[in-house]
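Quick notes on the structure that follows.
Residue numbers (this note's numbering): 1025 to 1061.
Set out below in structure tokens:
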């Protein structure tokens, strides 16, 4: 019987980097960015 892999690597794409507008504005400082996994 064939085993089903627990994880498949379908695509190896770069993840988006998003600017956290409201947090940057609230801290009145540098631009803050977040990279999703």
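For glycine and all other residues, C-beta sits at the position ideal for the given N, C-alpha and C.
Bear in mind that the values here come from a model prediction, so they are computed numbers and not experimental data.
Inset, instruction - Go ahead and pull the three-state DSSP assignment for residue 1059. - result: strand
Inset, instruction - Indicate whether residue 1045 and residue 1057 have their beta-carbon atoms separated by less than 8 Å. - result: no
Legend entry - DSSP state of residue 1043 mapped onto helix, strand, coil: It is a strand residue.
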